[in-house]
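Going by the working numbering, the first residue of the sequence shown is number 1213, and it counts up by one from there.
Notes follow once the structure below has been shown.
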Amino acid sequence: MYGYYILIGIIALVSMAVSSKLKSKFNYYSQVRLRNGMSGAEIAQKMLADHGIFDVKVISTPGMLTDHYNPANKTVNLSESVYNQRNAAAAAVAAHECGHAVQHAKAYQWLGLRSKLVPLVSVTSGMSQWMVIGGLILGAAAHIGFGFYIAVAGLIFMALATVFSFVTLPVEYDASNRALAWLKNKNMVTQQEYEGAEDSLKWAARTYLVAAIGSLAQLLYWALQVFGGRRD
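So, in structure tokens, the structure goes:
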């Protein structure tokens, strides 16, 4: 069990470091004013229009870095600062979230797969670790196979969350690529502003990469506990 806590500690430290770097990058590029004077909301609306998407609403949502695209009700949700501000960071985030709307409109397969996994993962992810731990306890205490099968079921649920994390990677990277390509091809930003947007999105993507690696590491650790400790 000590190994698990060490693993979680390392993952948490790396995640905190990347998140801290991301926040500092966004704070820095929030000082880079856009030459065109457009707000994040205006950037989003123009990107959607340029892609022929007119059934998606751009709305403001409270919080910091709470930006997301909701395929269920077709809304690009921008945090208040991104929605209103006129800087490189806001442009990057707004364009990125519209990148997801473009994916949806074009039936991007990885986004479709992630959307299908969402309801399943939302139900199973919270119980997976407890099922594994509970199964191990039952198996060790009762010396019967029932606990082992509960633990295996927990591992399957945990594996679904890991798959979801890795499916998220191409979705996020592709949305960023679409956003950057549009910003550049439509001459929406200067070279300095483009570099700021690119750097911001690069660090945002790294948070998803760390999450995926952390999910895989936990899965492998618990799988080793379940299968490595089994005695026929």
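Backbone N, C-alpha and C fix where the C-beta goes; we use that ideal spot for every residue, glycine too.
In the structure shown, what three-state DSSP assignment does residue i receive?
i     : result
N1399 : coil
V1244 : coil
G1359 : helix
Y1197 : Given a span of 1213 to 1444 for the chain in the structure shown, any question on residue 1197 remains unanswerable.
S1427 : helix
D1444 : Low confidence applies to D1444: its pLDDT is 46, below 50, so where it sits in the model is not reliable enough to give any reading.
Within the present structure, is the beta-carbon of residue i separated from the nearest heavy atom of the ligand HEM by less than 8 angstroms?
i     : result
L1421 : As for the ligand HEM, it is missing from this structure, which has no ligand bound.
What are the boundary residues of the alpha helix (DSSP H) that residue i is part of?
i     : result
K1258 : 1252–1262
Give every residue of the same chain whose Cβ lies closer than 7 angstroms to the Cβ of residue i, excluding the five residues on either side of it in the sequence, and list them in chain order.
i     : result
L1395 : A1303, A1307, V1401, Y1406, A1409
R1390 : G1311, V1314
A1371 : L1431
T1374 : S1427, L1428, L1431
M1250 : R1298
A1246 : According to the sequence displayed, residue 1246 carries Leu and not Ala. Cβ neighbours of L1246 beyond the five flanking positions: R1298, N1299, A1300, A1303, V1401, E1405.
T1273 : N1289, L1290, S1291
In or out: residue i buried (at least 16 other Cβ within 10 Å) or exposed?
i     : result
A1300 : buried
Y1217 : exposed
I1362 : buried
F1358 : exposed
M1259 : buried
A1353 : Any reading at A1353 needs caution, since the residue's pLDDT is 46, under 50, leaving its predicted position unreliable; the model's value is listed next. Result: exposed.
F1439 : exposed
A1284 : exposed
Quick one: measure Cβ to Cβ for residue i and residue j, integer angstroms, because I've assumed they're closer than 8 angstroms.
i     : j     : result
L1381 : L1350 : At roughly 35 angstroms, the Cβ-Cβ gap does not stay under 8 angstroms, so L1381 and L1350 are not in contact.
Let's see if you can read the secondary structure: which residues bound the beta strand (DSSP E) around residue i?
i     : result
V1270 : 1269–1273
N1289 : 1287–1291
G1282 : The identity of residue 1282 in the sequence shown is Asn, whereas the question assumes Gly. From DSSP, the beta strand (DSSP E) with N1282 extends over 1280–1282.
Keeping to the same chain, check which residues put their C-beta closer than 8 angstroms to that of residue i; ignore five residues upstream and five downstream.
i     : result
V1383 : H1312, Q1315, Y1320, W1322, L1323, R1326
F1369 : T1336, S1337, M1339, S1340, M1343
V1230 : W1415, R1418, T1419, V1422
D1262 : W1394, K1398
Are the C-beta atoms of residue i and some chain B residue less than 9 angstroms apart?
i     : result
T1419 : This model lacks chain B altogether; it includes just one protein chain.
Excluding the five sequence neighbours on either side, which residues of its own chain have a C-beta within less than 6 angstroms of the C-beta of residue i, listed in chain order?
i     : result
A1317 : I1265
F1378 : A1424
K1269 : T1287
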